[in-house]
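Enquirer:
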Amino acid sequence: MKKFYVSLFIPILALALCACNDKDPVQEEVPEPTTTPQPTVYTNASLVYYGVEYDEMPSSLFELTMYTDMELDESSNPIGPGHILRVSFNAELFSDGATEFPLPAAKYYNASSISDFTPGTFNYGYMNRLDLPTGAVEVPAGSFYGQIAEGETTFDADLLTDGYCEVTVAADGTYTVSGVMVGQFSTKRRFTYTGELKTIDRSDHTPEVKDSTLESDLTLTTVTKARLQDRGDAFYLQDESYRLFELYLAESSVDLTSSWPAGDGKLIRLELFVPWTADVRDGVPAGVYTVVPRINGGISRTDIVPGNMPAGLSGKFTYPSGCWYEDLSDGVMQHYACIAAGQMTVTSLDGATRFEIDLLDAEGNGAHHVRCDWTGTPELYNVPAAQ
18 MKKFYVSLFI PILALALCAC NDKDPVQEEV PEPTTTPQPT VYTNASLVYY GVEYDEMPSS
78 LFELTMYTDM ELDESSNPIG PGHILRVSFN AELFSDGATE FPLPAAKYYN ASSISDFTPG
138 TFNYGYMNRL DLPTGAVEVP AGSFYGQIAE GETTFDADLL TDGYCEVTVA ADGTYTVSGV
198 MVGQFSTKRR FTYTGELKTI DRSDHTPEVK DSTLESDLTL TTVTKARLQD RGDAFYLQDE
258 SYRLFELYLA ESSVDLTSSW PAGDGKLIRL ELFVPWTADV RDGVPAGVYT VVPRINGGIS
318 RTDIVPGNMP AGLSGKFTYP SGCWYEDLSD GVMQHYACIA AGQMTVTSLD GATRFEIDLL
378 DAEGNGAHHV RCDWTGTPEL YNVPAAQ
């Protein structure tokens, strides 16, 4: 017991003596040396010029995608491990008649809001719902950063909203892109890229996903059934000048019992304007129906009249609108055509209706025909109360 007590006492006494000795030097803490994190060095870059997306925009839109040394899959998605960073620039406008669109050298700061397109800023990152033939997906858009795991192509996107990106151009045309950007993860993304930037011009706003997979004319001879539905005043004009009928002509393997077709097989989807007084129980009124074009996704008021059919809505794959040809596999479009032009002739026969269809997947040269000639009586779907 005595040794145990002494052993405890001696260290405590020694500490007390040290603490009370004013002559001993004071040990000051030396701070750890600080170093600035090194930027991620990107070795590959792709630059796309979209021009002026809307007439009221005061700037030109560029998107620069940079990624580290990674292989690409068949859809041009980088396969990890590695890093990817996209910057969406609002750049100065080019003069009328310009044919080349290099990314202007400047120091681009974050925009003040998601609706700020002032030249010299970069756009906020956001999640965008992309409608594809295989289904709708959410993808990052605007400015974002991602770290891709080994063997993967997907990543958790850091949507960037603050910081800057500086673009310089050397005398030989070599670009240097560097900066620091911060997003929702509150982490500084330091980056640099040096190399060539060749501009891909998409200022004509051609859809990145094509509107038709047809490579030749198609005649659909295997239709066995049809479905007809009254959609009423679908364009909400409220003037009783028309009503919209929706018509499907399909192969036997296509399931038409639900709102949207399912199963496997080929079908033609048509929307047609008929007189307001038309009763769906009487079938499609006889006559010639002509496809009318879309204007910025909509239909001109003057074209919403009986005898017309709205063209297919470009890029609307999950829930198609307008006129389409579809080839389904387990309810998913494998082949398709968004209809841009054409006609349908409807003839009333004794106890049946004949549908003679000749549609086009584009206007002008290079268009492919989708043809069908079917006689029968469409089944009614969601029949409204008597008019």
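Here this note's numbering is used: position 229 in the sequence shown is 246, and no number is missing along the way. Positions of the beta carbon are idealized from the N, C-alpha and C atoms, including for glycine.
How would you label Leu100, buried or exposed, when you count the other beta carbons within 10 angstroms and need 16 or more for buried?
Expert: The sequence shown places His at residue 100, rather than the Leu named in the question. Here His100 is buried: its Cβ has 16 or more other Cβ atoms, across all protein chains shown, within 10 Å.
Enquirer: Between the Cα of Glu155 and the Cα atoms of Gln164, Met144, Arg207, Ile165, which residue gives the shortest distance?
Expert: Met144
Enquirer: Please report the straight-line C-alpha distance between Arg260 and Gly142, rounded to a whole angstrom.
Expert: 41 Å
Enquirer: Taking Ala153 and Gly137 to be in contact with their CB atoms under 8 Å, please state how far apart those CB atoms are, rounded to whole angstroms.
Expert: Between Gly137 and Ala153 the Cβ distance is about 34 Å, and since that is not below 8 Å, they are no contact.
Enquirer: Relative to the C-alpha of Leu245, which candidate in Ser229, Phe252, Ala267, Ile165 has its C-alpha closest?
Expert: Ala267
Enquirer: Which two residues bound the contiguous beta strand (DSSP E) that contains Pro121?
Expert: Premise fails: Pro121 is in no beta strand (DSSP E) and is neither H nor E.
Enquirer: Per the DSSP calculation, Leu110 is bridged to which residue(s)?
Expert: According to DSSP, which records beta bridges pairwise, Leu110 is partnered with nothing at all.
Enquirer: Is Thr394 buried or exposed, if buried means 16 or more other CB atoms sit within 10 Å of its CB?
Expert: exposed
Enquirer: Look at Arg388 and Asp375 and say whether their C-beta atoms are less than 8 Å apart.
Expert: The answer is yes: Cβ separation under 8 Å.
Enquirer: Identify whether Arg371 lies in helix, strand or coil by the three-state DSSP scheme.
Expert: strand
Enquirer: For Glu396, count neighbouring Cβ atoms within 10 angstroms of its own Cβ and tell me buried if that reaches 16, exposed if not.
Expert: Flag for Glu396 reads exposed.
Enquirer: Would you give the residue range spanned by the beta strand (DSSP E) that Lys205 belongs to?
Expert: Annotation for Lys205: the continuous beta strand (DSSP E) segment containing it runs 205-212.
Enquirer: Val400: buried (16+ other C-beta within 10 angstroms of its C-beta) or exposed?
Expert: exposed
Enquirer: For Ser224, count the other beta carbons within 10 Å of its own beta carbon; 16 or more makes it buried, fewer makes it exposed. Which is it?
Expert: Residue 224 is actually Pro in this sequence, not Ser. It counts as exposed.
Enquirer: Fully enclosed by the region 281-326, which beta strand (DSSP E) runs are 3 residues long or longer?
Expert: 282-291, 304-309
Enquirer: Among Ala354, Glu343, Asn61, which residue has its Cα nearest to the Cα of Tyr265?
Expert: Glu343
Enquirer: If Phe106 sits next to Leu81, beta carbons under 8 Å apart, how far is it from one beta carbon to the other, in whole angstroms?
Expert: That belief holds up - the Cβ atoms of Phe106 and Leu81 are roughly 7 Å apart, short of 8 Å.
Enquirer: Mapping the DSSP letters down to three states, classify Gln255 as helix, strand or coil.
Expert: Residue state, collapsed to three classes: coil.
Enquirer: Let's see if you can read the secondary structure: which residues bound the beta strand (DSSP E) around Met198?
Expert: 192-200
Enquirer: Determine the DSSP secondary structure at Gln55, reduced to helix, strand or coil.
Expert: coil
Enquirer: Name the two residues that bound the continuous beta strand (DSSP E) containing Asp175.
Expert: 175-186
Enquirer: With a threshold of 7 Å (Cβ to nearest heavy atom), would Asp148 be considered close to the ligand NAD?
Expert: Looking at this structure, you won't find the ligand NAD or any other ligand, since it has none at all.
Enquirer: Which residue or residues does DSSP assign as beta-bridge partners of Tyr398?
Expert: Paired residues: none, contrary to the question.
Enquirer: Is it right to say Gly368 is buried, meaning 16 or more other beta carbons lie within 10 angstroms of its own, or is it exposed?
Expert: exposed
Enquirer: Who does Glu343 pair with in a DSSP beta bridge?
Expert: Leu284, Tyr353
Enquirer: Alpha carbon to alpha carbon, how far is Gly163 from Thr57? Give it in angstroms, no decimals.
Expert: 12 Å
Enquirer: Assuming Thr216 and Leu64 are in contact, meaning their beta carbons sit under 8 Å apart, how far apart are those beta carbons, in whole angstroms?
Expert: 5 Å
Enquirer: With Tyr181 and Tyr125 assumed to form a contact (beta carbons below 8 Å), what rounded beta-carbon distance in angstroms separates them?
Expert: 6 Å
Enquirer: Out of Tyr66, Lys242, Glu183, state which residue places its alpha-carbon closest to the alpha-carbon of Arg207.
Expert: Glu183
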